[in-house]
Amino acid sequence: MPTSMREIAKLAGVSSATVSRVINGSNLVTEETARRVRKIIQDMNFVPNSSAIHLKKGKSRIYGIIIPDLTNPFFTELVKIFAELLVENERELLLANTDFHSSRTQNSLHRMLLRRVDGVVLLTSELEAGLLESLAQNRIPVVTADHYRTACGVSDILVDFAPGMSQLVAHLKDLGHRQVGFIGGTAGLVTSRVRMQSFLDAVVKQGLSSREEWMVEGNYRIDGGARAMEKILSQPEIPTAVVTVNDLTAIGALRTAHERKLRIPEDISVAGCDDIAMADIVFPPLTTLRISRREYAQKLFEALRAGEEDFSRAGQQFHVSTSLVVRQSTGPVPARVPVAATI
Numbered sequence: 001m002p003t004s005m006r007e008i009a010k011l012a013g014v015s016s017a018t019v020s021r022v023i024n025g026s027n028l029v030t031e032e033t034a035r036r037v038r039k040i041i042q043d044m045n046f047v048p049n050s051s052a053i054h055l056k057k058g059k060s061r062i063y064g065i066i067i068p069d070l071t072n073p074f075f076t077e078l079v080k081i082f083a084e085l086l087v088e089n090e091r092e093l094l095l096a097n098t099d100f101h102s103s104r105t106q107n108s109l110h111r112m113l114l115r116r117v118d119g120v121v122l123l124t125s126e127l128e129a130g131l132l133e134s135l136a137q138n139r140i141p142v143v144t145a146d147h148y149r150t151a152c153g154v155s156d157i158l159v160d161f162a163p164g165m166s167q168l169v170a171h172l173k174d175l176g177h178r179q180v181g182f183i184g185g186t187a188g189l190v191t192s193r194v195r196m197q198s199f200l201d202a203v204v205k206q207g208l209s210s211r212e213e214w215m216v217e218g219n220y221r222i223d224g225g226a227r228a229m230e231k232i233l234s235q236p237e238i239p240t241a242v243v244t245v246n247d248l249t250a251i252g253a254l255r256t257a258h259e260r261k262l263r264i265p266e267d268i269s270v271a272g273c274d275d276i277a278m279a280d281i282v283f284p285p286l287t288t289l290r291i292s293r294r295e296y297a298q299k300l301f302e303a304l305r306a307g308e309e310d311f312s313r314a315g316q317q318f319h320v321s322t323s324l325v326v327r328q329s330t331g332p333v334p335a336r337v338p339v340a341a342t343i
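All residue numbers in the sequence shown are consecutive under the UniProt record's numbering, ending with 343.
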């Protein structure tokens, strides 16, 4: 793997000065040559030295943010608030969407390095240790989400799901529910494991029960929630309440319940997580765990700015709280176990 601009230049058939100009965004290089150099830099996972990146312009005052799903309102709402914070602090935002593909995460990081970002927010789970190490070596602060670990140059934002999930399950218990199902997120993602474990811990704490056939994987999207709810409702016995990994999943679960002629919450209760704007306008309005996007965005900015001002301060852990929002999708346990109509 090339470790210097000289090696990149040799592979591209240009001079080291030309590679330097491409890295620094000079308009003295033809677009064809610049494209060829950038492709080699990307293919070889070459991380330009920070001194070369900032040689002429110093700080770029640009922060990058990489999200896994631009169609998820949680991320769009979060990015909007984060962008507003950057404007207030005379900074700019560079946004990338991976759609849960690790290769896109790597490519986006390299493009951001070429744009001379002063810090990067990684809200994806598709991370390679080597890339984080390269960023740290170049003293570029990074903030991750729910990875439950920090390192030199890498801070982490933890959403405290456990207290909020405990409130939610206690709320269901107070309504008389004893059998509760769960629709999770994509398998293998840290956030999926954390949210499911928070649910299981809360169920045990409240003395309720769940079953393996009521614990179904989703994909954080409406279609995944709809399919998962179909699996739960196809069981010989179904739970009286279902908690979901996020609000989009809950909306999909509501759709399937309506198609099966089940009334919400009279026949079965459904709850989500995130409290996106849609949660208050679906029918019925969704009981959910609120994650404050403003608090989240503020912590992201604080973490990046701290690392930018003093790199030794990059590598901290920040916490974002959750709180229960009760709406009309949860209600008293039905007098009898509901039977879902076949569609």
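Glycine is no exception: its CB is placed at the ideal position from the N, C-alpha and C atoms.
Owing to the predicted nature of the structure, the values given are computational and were not obtained by experimental measurement.
Secondary-structure assignment with DSSP links asparagine 97 through a beta bridge to Ile67. Taking C-beta separations shorter than 7 Å and ignoring five residues to either side along the sequence, the partners of glycine 225 in its chain run Ile183, Gly218, Thr244, Leu248, Thr249, Ala250, Ile251, Gly252, Ala253, following chain order. Counting of Cβ neighbours within 10 angstroms places isoleucine 66 among the buried residues, the total reaching 16 or more. In the same chain as glutamine 42, and ignoring 5 residues on each side of it, the C-beta atoms closer than 7 Å to its own belong to Asn107, His110, in chain order.
With fewer than 16 other CB atoms across the displayed protein chains lying within 10 angstroms of its CB, glycine 188 is exposed.
Take the alpha-carbon of valine 242 and the one of proline 285: they are about 15 Å apart. The residue from Val120, Arg139, Arg255 with its alpha-carbon nearest to that of glutamate 302 is Val120. Around the beta carbon of glycine 64, a 10 Å sphere encloses 16 or more other beta carbons of the protein chains shown; the residue is thus reported as buried. Contact annotation, valine 117 with isoleucine 62: C-beta distance approximately 5 Å; criterion of less than 8 Å satisfied. Under the DSSP assignment, valine 121 falls in the beta strand (DSSP E) whose first and last residues are 119-122.
If you draw a straight line from the Cα of leucine 168 to the Cα of arginine 313, it comes to about 35 Å. Separation of the CB atoms of aspartate 99 and alanine 162 is rounded to 29 Å, and the pair is thereby denied contact status at 8 Å.
For glutamine 235, the closest alpha carbon among the candidates Tyr220, Arg211, Ile222, His258 is that of Arg211.
The criterion of a C-beta distance shorter than 9 Å is satisfied by alanine 83 and leucine 93. The beta carbon of isoleucine 222 sits closer than 6 Å to those of Leu248, Ile251, Gly252, all from its chain and outside the five residues before and after it, given in chain order.
Ranked by how close their Cα comes to the Cα of tryptophan 214, the residues Tyr220, Gln179, Gln137 have Gln179 in first place.
Scanning its chain for C-beta atoms nearer than 8 Å, with the 5 sequence neighbours on each side dropped, one finds around glutamine 298 the residues Leu85, in chain order. Residue range 190-206 is occupied by the alpha helix (DSSP H) that includes methionine 196.
Around the beta carbon of threonine 322, 16 or more other beta carbons sit within 10 angstroms, so the residue counts as buried. Our two residues, leucine 300 and alanine 335, have alpha carbons roughly 46 Å apart in a direct line.
Beyond the five residues adjoining it in sequence on each side, proline 68 comes within less than 6 Å, by CB distance, of Thr98, Phe100, Thr124 in the same chain, given in chain order.
Note on geometry: alpha-carbon atoms of threonine 330 and alanine 271 lie some 7 Å from one another.
In this structure, DSSP gives valine 243 an extended state, which the three-state scheme calls strand. Contact check for methionine 165 and phenylalanine 199: beta-carbon distance about 6 Å, within the 8 Å limit, so the pair qualifies.
The C-beta distance from leucine 78 to arginine 290 rounds to 13 Å, too long to meet the 8 Å contact threshold. In chain order, Asp274, Ile276 place their CB closer than 6 Å to the CB of phenylalanine 74, counting only its own chain and leaving out the 5 sequence neighbours on each side.
In the DSSP assignment, isoleucine 291 falls outside any alpha helix (DSSP H) and lies within the beta strand (DSSP E) extending over 287-291.
In chain order, Ala271, Val326, Arg327, Ser329, Thr330 place their CB closer than 6 Å to the CB of threonine 287, counting only its own chain and leaving out the 5 sequence neighbours on each side.
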